[in-house]
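Working notes for the structure below.
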Amino acid sequence: MTSQANRGVVYKGPGEVAVESIPYPKLELGNRKCDHGVILKVVTTNICGSDQHMVRGRTTAPSGLVLGHEITGLVIEAGRDVEFIKPGDLVSVPFNIACGRCRNCKEGKTGICLNVNPARPGAAYGYVDMGGWVGGQTEYVMVPYADFNLLKFPDADQAMEKIKDLTLLSDIFPTGFHGCVTAGVGPGSTVYIAGAGPVGLAAAVSAQLLGAACVIVGDMIEDRLAQARSFGCETIDLTQDGDMADKLEAILGEREVDAFVDCVGFEAHACGCNHGKEAPATVLNSAMSLTRAGGQIGIPGLYVTEDPGAVDDAAKHGALSMRFGLGWAKSHSFHTGQCPVMKYHRPLMQAILFEKVKIADAVNVQVISLDEAPKGYADFDGGAAKKFVIDPHSTVAA
Numbered sequence: 001m002t003s004q005a006n007r008g009v010v011y012k013g014p015g016e017v018a019v020e021s022i023p024y025p026k027l028e029l030g031n032r033k034c035d036h037g038v039i040l041k042v043v044t045t046n047i048c049g050s051d052q053h054m055v056r057g058r059t060t061a062p063s064g065l066v067l068g069h070e071i072t073g074l075v076i077e078a079g080r081d082v083e084f085i086k087p088g089d090l091v092s093v094p095f096n097i098a099c100g101r102c103r104n105c106k107e108g109k110t111g112i113c114l115n116v117n118p119a120r121p122g123a124a125y126g127y128v129d130m131g132g133w134v135g136g137q138t139e140y141v142m143v144p145y146a147d148f149n150l151l152k153f154p155d156a157d158q159a160m161e162k163i164k165d166l167t168l169l170s171d172i173f174p175t176g177f178h179g180c181v182t183a184g185v186g187p188g189s190t191v192y193i194a195g196a197g198p199v200g201l202a203a204a205v206s207a208q209l210l211g212a213a214c215v216i217v218g219d220m221i222e223d224r225l226a227q228a229r230s231f232g233c234e235t236i237d238l239t240q241d242g243d244m245a246d247k248l249e250a251i252l253g254e255r256e257v258d259a260f261v262d263c264v265g266f267e268a269h270a271c272g273c274n275h276g277k278e279a280p281a282t283v284l285n286s287a288m289s290l291t292r293a294g295g296q297i298g299i300p301g302l303y304v305t306e307d308p309g310a311v312d313d314a315a316k317h318g319a320l321s322m323r324f325g326l327g328w329a330k331s332h333s334f335h336t337g338q339c340p341v342m343k344y345h346r347p348l349m350q351a352i353l354f355e356k357v358k359i360a361d362a363v364n365v366q367v368i369s370l371d372e373a374p375k376g377y378a379d380f381d382g383g384a385a386k387k388f389v390i391d392p393h394s395t396v397a398a
């Protein structure tokens, strides 16, 4: 294919991203051809809270990194060895890059593929320490192992009508759902969701989809709490003083929940009068205090091995001060790590297509242009109760 122009969102340094010209993708991996890959014309690509960790300077992300791991696109070129995905297919791209061949992939653990990142298990597009893959907040992007990774939408026209929902299958809807599944949420459960950002809101609607009796969402930003209430959640304002168990009791009549989902991660802050103070282990410690004995704790919130902006030397290396003895005494189970998106994306697609869930409404999707991406990052960092979806080619209906 003749070389074309391409643009993408590039990390420049703490607090700064820019839209710049970048190379048009090739079906190549280093110096060899990538016959199992495809090139996509990006239809939608979303700004994620984990992108914000990098942009805030809280990781070791290098300047010049092309951002973006939440990708939906149209196949425009396929490698020689791609058998089941064809040009013209509209597809969702799991944020995890997986080979489909290693032990972990064969066990369904696609978030920790052993063959796509020389530094550690697991890879993702446009993310620090995740294998150096070019991100997808771009006009065009290359996707490897296409037959294994990609979810083809059965009807492209139908998919475009629901693209604001389906774009969330690449990461936050499966991630929120995974957090609830690993927390043991089921019919009749009482659930506490820490954080009302997009993943927290996705977890909240996932808990409802799984049959939870009561979903409680805690956050420090009133607009985000209002968004959670808009689809039937109870909420707790974490800027207010008071004992969390008392606040749960006022809602549930009980001082603990069956299931706890941490959608905050390592940039957590203390509650009440200390809510302006960073306390990276506070959500994990709250989880152990507020989850019933024998309960489960899902942790889709990101925790890192290196945090140059951490509050203390230990936290700079991912060492947090947890009261783990309490969790042990209460026989809690903890589930960490990347969501294996392929475990969930097809059933969640079906839930969207058959109108069993309105995930775009729950997370308050706002479509923006590629040139508006820097403002989207700034607004998201400022606490906007929105999920920003970039439309690089102006193909999404308003």
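The sequence shown: position 236 = 236 (full-length UniProt numbering), numbered continuously. Built from N, CA and C at the ideal position, the CB exists for glycine as well. Since the structure is predicted, the reported quantities are computational estimates derived from the model, not experimental observations.
At what residues does the beta strand (DSSP E) containing residue i begin and finish?
i	result
Leu209	No beta strand (DSSP E) holds Leu209; the alpha helix (DSSP H) holding it covers Pro198 to Leu209.
Ala18	Glu16 to Ser21
Asp147	It is not in any beta strand (DSSP E) - Asp147 instead sits in the alpha helix (DSSP H) that spans Ala146 to Asn149.
Leu90	Leu90 to Val93
Glu77	Glu70 to Ala78
residue 425	Nothing about residue 425 can be reported from this structure: the residues present for the chain run from 1 to 398 only.
Leu40	Val38 to Asn46
Gly8	Arg7 to Gly13
Ala259	Val257 to Asp262
Asp391	Lys387 to Asp391
Glu234	Glu234 to Asp237
Thr190	Thr190 to Ala194
What residues in its chain sit with their C-beta under 8 Å from that of residue i, if we drop five residues either side in the sequence?
i	result
Pro14	Val55, Arg56 and Gly57
Thr336	Ile299 and Tyr303
Count the other CB atoms within 10 Å of the CB of residue i; is the residue buried (16 or more) or exposed (fewer)?
i	result
Glu139	buried
Ser331	exposed
Ala207	buried
Asn96	buried
Trp133	buried
Val311	exposed
Ala228	buried
Gly242	exposed
Gln296	buried
Asn31	exposed
Glu234	buried
Gly64	exposed
Ala385	buried
Go through its chain and collect everything with a Cβ distance to residue i's Cβ below 7 Å, but skip five positions before and after it.
i	result
Met1	Annotation note: pLDDT 45 at Met1 (below 50); position unreliable, coordinate value reported separately. Result list for Met1: Glu77, in chain order.
Pro87	Val75, Ile76, Glu77 and Ala78
Measure the beta-carbon distance from residue i to residue j and round it to whole angstroms, keeping in mind my assumption that it falls under 8 Å.
i	j	result
Met322	His269	In fact, because the Cβ distance is near 16 Å, the residues do not count as touching under 8 Å.
Met288	Leu326	5 Å
Tell me which residue opens and which closes the alpha helix (DSSP H) that residue i is part of.
i	result
Arg292	Taken as a continuous stretch (DSSP letters only), Arg292 belongs to no alpha helix (DSSP H), being part of the beta strand (DSSP E) at Thr291 to Gly298.
Leu225	Glu222 to Arg229
Thr175	Ile172 to Thr182
Asp379	Ala373 to Asp381
Cys105	Arg103 to Lys106
Ile251	Met244 to Leu252
Ala156	Ala156 to Glu161
Asp51	Gly49 to Val55
By Cβ distance, which residues of its chain are closer than 6 Å to residue i, with the 5 residues on each side in sequence left out?
i	result
Leu90	Leu74, Phe153, Ala156 and Ala159
residue 405	Lying before the first or after the last residue shown, residue 405 is absent from the chain, which here runs from 1 to 398.
Fill in: Completely contained beta strand (DSSP E) runs for the region 314-359, where each covers 3 or more residues
Every unbroken stretch of the beta strand (DSSP E) spanning 3 or more residues and falling wholly within the region 314-359 is given here in chain order: 333-335.
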